[in-house]
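For the sequence shown, position 23 matches number 23 in my numbering, and the numbering has no gaps at all.
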Amino acid sequence: MNTIKTEPTYTNKNFTELMTMGFKIEIRHGRNGQRRIYLNNKSNERITDPAEPKKSIFMDFYDNKGKSITPETSRNNSHLDVALKYLLAKAKQL
């Protein structure tokens, strides 16, 4: 009997918590594998940092050759997961 090896599907808790809090995220492509993730409101507008009113809340991360750009299924402690944890911490301060 042949078995097919598949990578497990992950459900990212940080992403899920951001969504249940009513936030959205936006991922923008950069160069050399770098991307930027923004925290947005329900209207998909970028949220600014209360400490720096003209600065959007964001974090840069590396996409690991296109393998970790899906926030719903990003692996625990991946570059994207660390960025989601940062956005979640910022969202809880709002």
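Every residue, glycine too, gets a C-beta built ideally from N, C-alpha and C.
- A contact is defined here as three or more CB-CB pairs under 8 Å, and the region 9-19 meets this definition with respect to the region 67-84.
- In the three-state reduction of the DSSP assignment, residue 84 falls in the helix class, which pools H, G and I.
- Where residue 19 is concerned, the enclosing alpha helix (DSSP H) starts and stops at 13-20.
- Within 10 angstroms of the beta-carbon of residue 35 lie 16 or more other beta-carbons, which makes it buried.
- With 16 or more other CB atoms across the displayed protein chains lying within 10 angstroms of its CB, residue 81 is buried.
- Counting C-beta atoms within 10 angstroms of its own C-beta, residue 83 has 16 or more neighbours from the protein chains shown and is therefore classed as buried.
- Residue environment for residue 78: buried (at least 16 other C-beta atoms within 10 angstroms of its C-beta).
- In the structure shown, the three-state DSSP call for residue 50 is coil.
- Within its own chain, the residues whose Cβ lies closer than 6 Å to the Cβ of residue 85, once the five positions on either side in sequence are excluded, are 14, listed in chain order.
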